[in-house]
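Quick note: the sequence shown uses our numbering, first residue -4, plus one each step.
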Amino acid sequence: MKTSRLRVVVVGGGITGLSAAWHLCSQYGNDTKDIEVMLFEKDIRVGGKILTKDFMGAKVDFGPDSLLIRSIGGNRLFEELGVTDKSVFPAANKIWIWTADGLKALPREFILGIPPKLSPLVRSGILTVSGAIRAGLDLVLPGWIGDRGGSDDNYHHDASVGSLVRSRLGNQVADKLTTPLLGGIHAGSIDDLSLCAVAPFLKKTTGFSKSLMRAVRPLTASYSSNSKPVFQSFEDGMGYMVDKLLAKLIGCGVTINYESEVKELHRKGDVWRVSTLEKDYEADGTVLATPAYSTAALLGDLAPDAAGLLKSIKYEGVGVVGLSYANTKNIKLDGTGFLVAGTHLVTGCTWLSSKWSHLSNPDHFLLRAFIGDKNREIYDSTDDEIIALVHEELSKAMGLDQPPSAGMVVRWVNALPKYQVGHLERVKKIQDEVSSLGTIALCGAAYKGLSVPACITQSYDAVAQVMEKLSERKSH
Ligand SMILES: Cc1cc2nc3c(=O)[nH]c(=O)nc-3n(C[C@H](O)[C@H](O)[C@H](O)COP(=O)(O)OP(=O)(O)OC[C@H]3O[C@@H](n4cnc5c(N)ncnc54)[C@H](O)[C@@H]3O)c2cc1C
């Protein structure tokens, strides 16, 4: 190596790239003395899908609005950033399902819409009588057709979430419960979604217990007995975490290159050449924290098979519509919002002012509605048209009797990667080929979990891989 100071490039300034850069500084560098970190972001801002906007005098998230607390990567980062003093927790936990018969409360103990017992499912009124009877067959039906005997090897045979839920509990549980619950988090139909990637615990447990209801009982029990909150956010929204992270990166000397799309990546001997439109940069190690389609373009010549597999990871868009209603006296909402069973424009709605006490205001009620990718042609409409259409549908679901006093629309194109059947196998092949190139690693929502905490964990792993290879090289 020409210089003793290691140069590491991070491509992508979403939460994955930012936390990778932070991990490089905090764990491997002594400020800027040992390591030089350069981050490249094609946008004019960092944060990627984390986007907090000022709306009606409040900080409202138009990307992720909450984080699963029980995540090692996330917790560690929050402590390192010193952001825990600004943590906020949901003021409500009830979730509703919008069915043809109106809003029905989702029993808290359902895991991905799978009930531990038949009685709460029947009482919920979400299913018809015949749907509930079909679900009850789960307790007596022989093994799931996707289950080839329950050995550990079977864990590696993937199947769709839909095939498991439909065969055990019937179409109504699949369409009215699992689809809305998973559809809110993962893109794509449950009939394409990978069981191993999205719900590995179900794949594992059904190896021992044929019944899904019985399989989720231990999870339900530990969930119900734990009164601690499961999710958290920050008083100033998720953007607060990004701001803190950015300040730390600047403080430890990371160069942040905005509006710098990396167009090409080449390797000459041990050195990486990273090219933007303006300039070429050299680096000893590279972390690619970009969406799969961007990563594919960068790896085309270096790892053609991996690039092909990366291209095959499809993405879905989502529209997020913030709405404010001025007259709050008729809006009495108890819960975090609702999900939608059935085909509608809106796939879900967060009741921001009842979910978060810091967003509660006597003068107005704030909501956030999601438009699914099936209705993507609507993104071409004007903001006012979208707001009117969304309001019309929310009125039916919630009985709103007044138009919104304000609205804001964010269109996320290619927002969420689809974890289709075989996803983990694809990811392994991609990462194996890329790893054989040396001091380079991939991380981010496209691979092993798209939640913010999962992205953080992946970024730490990617950095560890690159740094291990660099230290091996140094010792030779
Ligand atoms: C509406 C919505 C709601 C969500 N809700 C939640 C939630 O409540 N909780 C949760 O945990 N998760 C949630 N998620 C998921 C989570 O927000 C994302 O999966 C995560 O933020 C992705 O982070 P990332 O850094 O991997 O990717 P991104 O945020 O997509 O960042 C990638 C970055 O790379 C940049 N880039 C791309 N190509 C290049 C290039 N060639 N050169 C330079 N830069 C490049 C992009 O501009 C972008 O900034 C939600 C997602 C959406 C869209």
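For glycine and all other residues, C-beta sits at the position ideal for the given N, C-alpha and C. Remember, predicted model here, so these are calculated numbers, not experimental data.
Sheet register partners of residue i (DSSP bridge)
{"i": "phenylalanine 229", "result": "Ser82"}
{"i": "glycine 9", "result": "Gly42"}
{"i": "lysine 48", "result": "Val55"}
{"i": "tryptophan 93", "result": "Leu98, Val335"}
{"i": "cysteine 438", "result": "Answer is none; cysteine 438 lacks a bridge partner."}
{"i": "alanine 364", "result": "Val316, Cys344"}
{"i": "valine 485", "result": "One cannot answer for residue 485 here, as it falls past the ends of the chain, which runs -4 to 471."}
{"i": "histidine 359", "result": "Asn356"}
{"i": "glutamine 415", "result": "Leu188"}
{"i": "threonine 250", "result": "Met33"}
Limits of the alpha helix (DSSP H) - the one that residue i falls within
{"i": "cysteine 191", "result": "190 to 193"}
{"i": "asparagine 70", "result": "67 to 76"}
{"i": "histidine 386", "result": "378 to 393"}
{"i": "serine 155", "result": "Looking at the DSSP string, serine 155 is not in any alpha helix (DSSP H), and its letter there is neither H nor E."}
{"i": "isoleucine 245", "result": "234 to 246"}
{"i": "glutamate 36", "result": "First-last for glutamate 36: undefined, no H or E at that position."}
{"i": "arginine 103", "result": "It is not in any alpha helix (DSSP H) - arginine 103 carries neither H nor E in the DSSP assignment."}
{"i": "alanine 306", "result": "Looking at the sequence provided, one finds lysine at residue 306 rather than alanine. 299 to 306 is the span of the alpha helix (DSSP H), which, as asked, contains lysine 306."}
{"i": "arginine 118", "result": "113 to 119"}
{"i": "isoleucine 373", "result": "No alpha helix (DSSP H) contains isoleucine 373, which DSSP labels as neither H nor E."}
{"i": "lysine 424", "result": "418 to 430"}
{"i": "leucine 136", "result": "No alpha helix (DSSP H) holds leucine 136; DSSP gives it neither H nor E."}
{"i": "threonine 174", "result": "174 to 178"}
{"i": "tyrosine 290", "result": "Note that residue 290 corresponds to threonine in the displayed sequence, not to tyrosine. Where threonine 290 is concerned, the enclosing alpha helix (DSSP H) stretches over 287 to 294."}
{"i": "isoleucine 64", "result": "Counting along the chain, isoleucine 64 falls outside any alpha helix (DSSP H), and DSSP gives it neither H nor E."}
Residue i to residue j span [Cα, whole Å]
{"i": "valine 3", "j": "lysine 223", "result": "39 Å"}
{"i": "isoleucine 121", "j": "isoleucine 92", "result": "8 Å"}
{"i": "serine 390", "j": "valine 341", "result": "11 Å"}
{"i": "phenylalanine 84", "j": "serine 352", "result": "9 Å"}
{"i": "glycine 69", "j": "valine 225", "result": "13 Å"}
{"i": "leucine 500", "j": "proline 399", "result": "Outside the displayed range of the chain (-4 to 471) lies residue 500, so it cannot be described from this structure."}
{"i": "lysine 37", "j": "alanine 194", "result": "33 Å"}
{"i": "serine 158", "j": "leucine 328", "result": "35 Å"}
{"i": "isoleucine 39", "j": "tyrosine 414", "result": "29 Å"}
{"i": "serine 82", "j": "arginine 363", "result": "20 Å"}
{"i": "lysine 464", "j": "glycine 433", "result": "7 Å"}
{"i": "serine 270", "j": "glycine 332", "result": "45 Å"}
{"i": "aspartate 29", "j": "serine 307", "result": "38 Å"}
{"i": "glycine 8", "j": "isoleucine 251", "result": "9 Å"}
{"i": "aspartate 49", "j": "valine 55", "result": "6 Å"}
{"i": "glutamate 467", "j": "valine 461", "result": "10 Å"}
{"i": "glycine 52", "j": "glycine 394", "result": "26 Å"}
{"i": "valine 405", "j": "glycine 43", "result": "13 Å"}
{"i": "tyrosine 310", "j": "cysteine 20", "result": "31 Å"}
{"i": "isoleucine 498", "j": "glutamine 453", "result": "Absent from the model: residue 498. The displayed extent of the chain is -4 to 471, so no value can be given."}
{"i": "leucine 207", "j": "serine 114", "result": "15 Å"}
{"i": "tyrosine 320", "j": "aspartate 378", "result": "17 Å"}
{"i": "serine 189", "j": "isoleucine 366", "result": "23 Å"}
{"i": "threonine 173", "j": "leucine 293", "result": "36 Å"}
{"i": "serine 146", "j": "arginine 129", "result": "Since pLDDT at serine 146 reaches only 41, below the 50 mark, its modelled position is unreliable, and no value is offered."}
{"i": "leucine 240", "j": "alanine 457", "result": "18 Å"}
{"i": "alanine 441", "j": "aspartate 153", "result": "18 Å"}
{"i": "asparagine 356", "j": "leucine 197", "result": "41 Å"}
{"i": "cysteine 438", "j": "aspartate 427", "result": "13 Å"}
Bounding residues of the beta strand (DSSP E) (the contiguous stretch that carries residue i)
{"i": "alanine 459", "result": "Here alanine 459 belongs to no beta strand (DSSP E); instead the alpha helix (DSSP H) covers 447 to 470."}
{"i": "aspartate 275", "result": "275 to 278"}
{"i": "leucine 19", "result": "Neither: leucine 19 is in no beta strand (DSSP E) and is coded neither H nor E."}
{"i": "alanine 401", "result": "401 to 412"}
{"i": "glycine 312", "result": "310 to 320"}
{"i": "leucine 260", "result": "259 to 263"}
Nearest residue (CA-CA) to residue i, options the options
{"i": "alanine 210", "options": "Gly108, Ala440, Ser319", "result": "Gly108"}
{"i": "serine 228", "options": "Leu347, Ser431, Ala392, Trp17", "result": "Leu347"}
{"i": "glycine 343", "options": "Lys306, Gly317, Ser355", "result": "Gly317"}
{"i": "glutamate 230", "options": "Lys350, Leu19, Lys44", "result": "Lys350"}
{"i": "phenylalanine 35", "options": "Ile106, Ile382, Tyr276", "result": "Tyr276"}
{"i": "lysine 205", "options": "Leu136, Leu437, Gly232", "result": "Leu136"}
{"i": "valine 6", "options": "Thr290, Val266, Pro448, Leu244", "result": "Thr290"}
{"i": "glycine 312", "options": "Tyr23, Val408, Glu428, Lys198", "result": "Val408"}
{"i": "tyrosine 455", "options": "Ala287, Ala16, Val335, Val168", "result": "Ala16"}
{"i": "isoleucine 10", "options": "Ala436, Thr285, Leu384", "result": "Thr285"}
{"i": "lysine 171", "options": "Ser431, Leu334, Ala302, Ile435", "result": "Leu334"}
{"i": "lysine 424", "options": "Ala182, Leu293, Asp300, Pro448", "result": "Asp300"}
{"i": "histidine 339", "options": "Lys263, Pro110, Gly178, Pro357", "result": "Gly178"}
Contact with chain C by residue i, beta-carbon distance below 8 Å
{"i": "leucine 244", "result": "Of the protein chains in the structure, only one exists, and it is not chain C."}
Segment contact flag, the segment 57 to 66 with the segment 272 to 289, C-beta cutoff 8 Å, min 3 pairs: Cβ pair count under 8 Å is below three, so no.
Inter-stretch contact (C-beta, 8 Å, three-pair minimum) for the segment 94 to 103 and the segment 74 to 83: At 8 Å Cβ cutoff, the stretches do not touch.
The segment 253 to 271 touching the segment 111 to 130, judged by at least three CB pairs closer than 8 Å: No, the segment 253 to 271 is not in contact with the segment 111 to 130.
Three CB pairs or more closer than 8 Å across the segment 418 to 432 and the segment 364 to 373: No: fewer than three Cβ pairs fall under 8 Å.
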